[in-house]
Amino acid sequence: METVAKLVLTQPDGHEQEFSLSTASATLGRAATNDIVLRDARVSRAHARLDVGDAGATLVDLGSANGTRVNGAPIATAVLTPGDVIAIGDCALRYEISAPRVEPQLTQINSESDLEATLAQQTLAATIHNTRTPRLTIHTPKGTRELALTQDAFTIGRDSKSDLVLDDPKSSRHHARLERIGDSFALRDLDSTNGTWLGEQRIQTHALRTGDTLRIGRTRLTFQNAFAPDDLTLADTPTPTSPRRPVVVVPGVMGSELWRGSECLWPNPRHLLTHPEVFRYPDDPNIEARGIVREIVIVPNVVKFEAYNRLGDYLEEGLGYERGKDLIECPYDWRQDIRLSARRLAEQIDAWNVKAPVTIIAHSMGCLVSREYIEHLGGKDKVSRLILMGGPHAGTPSAISNLLLRANLLPLGLMGERLRAILATFPSLYQILPTHAQRADAAKRQIDLFADEAWLPEPQRPLLRAAREFRRNLGTGSSVPTICIFGYGIKTITNISVLLGPLGLWQKVDFAVEARGDNTIPEASAVLPGAEIHPVQQLHGSLFVDNDVKMRLKLELTR
């Protein structure tokens, strides 16, 4: 199995973050534009750089105020060996070379000792990309891949000798040519039969800009030019002549704090797993959402994500936004019906004193909340652009595992069973079930999870019916210009196989895993018909802190 260089950061609470280095150089520091951001007052904004090559890895201190240490010794430059520990401020990072971590999709937890052991082993992973090389992502119905643009010219077409071979019947054998011009590239159509398209415009020659997506048949090619962390700020961008576009950030499931009076109930993953009954919906009417989550959250078998405030931190530090003025973060009770959360979003935007049309940046379930607001609560009159990251637009098969209550269906252990009994009371989880009837049982029949209610116990079926109504009314498109940012190339649950018993009851469920998503949302689910796309090889819970994504946000908010 292929090995990769990694930095493993241990958080004060014991959680680990693992950064896989698919780049020749990665920066570390306090600024939100670094490849690895270290939130510590003793860390300089640009503190250190790690250069990785065939000869190994070299760590360079960038003139930091408090210095960099390797295995306890201060360094200016150091060649690293696996196992070395880097100290930057109060942050400790371990350098490793190993195979990519493979964690089980579902983990059995039977006792509190199991829980402690599981939490100790959980890691939030992210990939640090090589953004210093221009690249093209190729998205087709069969999957997504990347081409590094290291040559001066590339041929594109159906011919097997093309530099980029397109397995697309609407592509000509010699369809187009990509040529380097200065620091960027231009694409020239070679008089193809079906043409090369940018949006609704057929092009002959086009100078590419970052984010441009070209269409050839059913293939979409997205261009990303090279950039460095410093390019993520406005230092090299002319001062805008008009006010910044107001931005609303909408987090995903479990991304909002839940309070009961002066008591903060969430985030507290250990409490959720040991006392899940506190979160039963809608038992306690005094529970309310008050703010977005400001720490890493890991709930085994349920979610993993970075601190949501880091997205707002980048908008403030990198693009000059100011929370409360031209940037707001909108929490909601992620247990409730998404339509209620959309009403909460509408109330927060209505109470905000801004005049210009707003841009919504949403992640995960927040994408559905935002779409409901746009389509049914007047949002299309106030929103100029939707930027949706990892949205479960066609649902996600991983949601099924949180709703199956019958014994022996899934090996989640006693504590997992207790948690699922509470999760099954959340209307929102039914609303992210897969919408397509593509779930094959052992006899290769198709199962429509919304139409065939036999898979759920009778008490859960009203919630399924409400979810079916929500999905039918939401539709499959967007009434405002939309860009879908999605992860690809990572092992993700994409399908299920079911052993059916008498009366259609499920006796056993197996989950199919493919490298076609962000480890939570399949690629096919994360793209709305007619939307622009921006693929990135990143995990679901780290999409909104990925530097490739930050560059796209910068361009969307400043062009």
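Using this note's numbering, you'd call the opening residue of the sequence shown number -6 and step up by one each time.
By construction, the Cβ of each residue, glycine as well, lies at the ideal position given by its N, Cα and C atoms.
Quantities reported herein were computed from a predicted structural model and do not represent experimental measurements.
- In the structure shown, GLY136 adopts extended strand secondary structure according to DSSP, grouped into three states.
- Buried is the label assigned to LEU442, since at least 16 other Cβ atoms lie within 10 Å of its Cβ.
- VAL243 is the residue among VAL243, LEU265, SER165, ARG287 whose C-alpha sits nearest the C-alpha of CYS323.
- Its chain contains ALA179 as the residues whose beta carbon lies nearer than 6 Å to that of ALA200, once the 5 sequence neighbours on both sides are disregarded; these appear in chain order.
- For SER471, the closest C-alpha among the options LEU333, LEU521, ALA459, ASP374 is that of LEU521.
- Every unbroken stretch of the beta strand (DSSP E) spanning 3 or more residues and falling wholly within the stretch 473 to 550 is given here in chain order: 475 to 480, 484 to 493, 499 to 508, 525 to 529.
- The distance from the Cβ of PRO350 to that of LYS375 is about 6 Å, consistent with a contact at the 8 Å cut-off.
- ALA344 has no beta-bridge partner at all, per DSSP.
- Between ILE415 and CYS477, the CB-CB gap reaches or exceeds 8 Å.
- Distances from the alpha-carbon of VAL246 to those of ARG151, SER377, PRO385, ALA221 put PRO385 closest.
- VAL(-3) and GLU11 do not touch by the CB rule: their CB atoms are close to 10 Å apart, not below 8 Å.
- The shortest C-alpha to C-alpha distance from GLU365 to any of VAL491, LEU159, PHE463, THR133 is the one to PHE463.
- The count of Cβ pairs closer than 8 Å, one atom from the stretch 113 to 128 and one from the stretch 210 to 221, reaches three, so the stretches are in contact.
- Runs of the beta strand (DSSP E) spanning 3 or more residues and lying entirely within the stretch 188 to 225 occur at 189 to 191, 194 to 196, 198 to 200, 206 to 209, 212 to 217, in chain order.
- The continuous stretches of alpha helix (DSSP H) do not include GLU256, which lies in the beta strand (DSSP E) extending over residues 256 to 259.
- In this structure, DSSP gives ALA25 a state outside helix and strand, which the three-state scheme calls coil.
- Under the DSSP assignment, THR51 falls in the beta strand (DSSP E) whose first and last residues are 49 to 54.
- If you draw a straight line from the Cα of ARG213 to the Cα of ASP160, it comes to about 12 Å.
- DSSP places VAL158 within a strand segment (E or B) once states are collapsed to three.
- Of the residues PHE419, ASP28, ASN512, the one whose Cα lies closest to the Cα of PHE272 is PHE419.
- DSSP places GLU368 in no beta strand (DSSP E) but in the uninterrupted alpha helix (DSSP H) bounded by 358 to 369.
- In terms of Cβ geometry, GLU368 and GLY468 form a close pair [threshold 8 Å].
- The secondary-structure analysis by DSSP pairs PHE298 across a beta bridge with VAL290.
- Excluding five sequence positions before and after GLN4, the CB atoms of its chain that fall closer than 8 Å to its own CB belong to GLN10, ILE289, given in chain order.
- Taking a C-beta distance under 8 Å as the contact criterion, THR70 and VAL53 qualify as a contact pair.
- Ranked by Cα distance from THR485, the options LEU550, PHE479, ASP47, ARG509 are led by ARG509.
- Each residue's CA atom was taken as its position, placing GLY175 and THR551 some 23 Å apart.
- Partner residues in the beta bridge of LYS(-1), as assigned by DSSP, are SER13, GLU89.
- Beta-bridge analysis with DSSP links PHE147 to LEU171.
- Beta-bridge partners assigned by DSSP to PRO67: ARG62.
- Residue burial annotation: VAL63 is buried, with at least 16 other C-beta atoms found within 10 angstroms of its C-beta.
- With 16 or more other CB atoms across the displayed protein chains lying within 10 angstroms of its CB, HIS40 is buried.
- Distance check between ILE90 and each of ALA80, LEU265, SER391, LEU73 places LEU73 closest, using alpha-carbon atoms only.
- For ASN123, the CB contacts under 7 Å within the same chain, skipping 5 residues up- and downstream, are SER15, THR16, ALA17 in chain order.
- Within the same chain, Cβ atoms closer than 6 Å to the Cβ of ARG287 are found at ALA300, ASN302, the five residues on either side in sequence being excluded.
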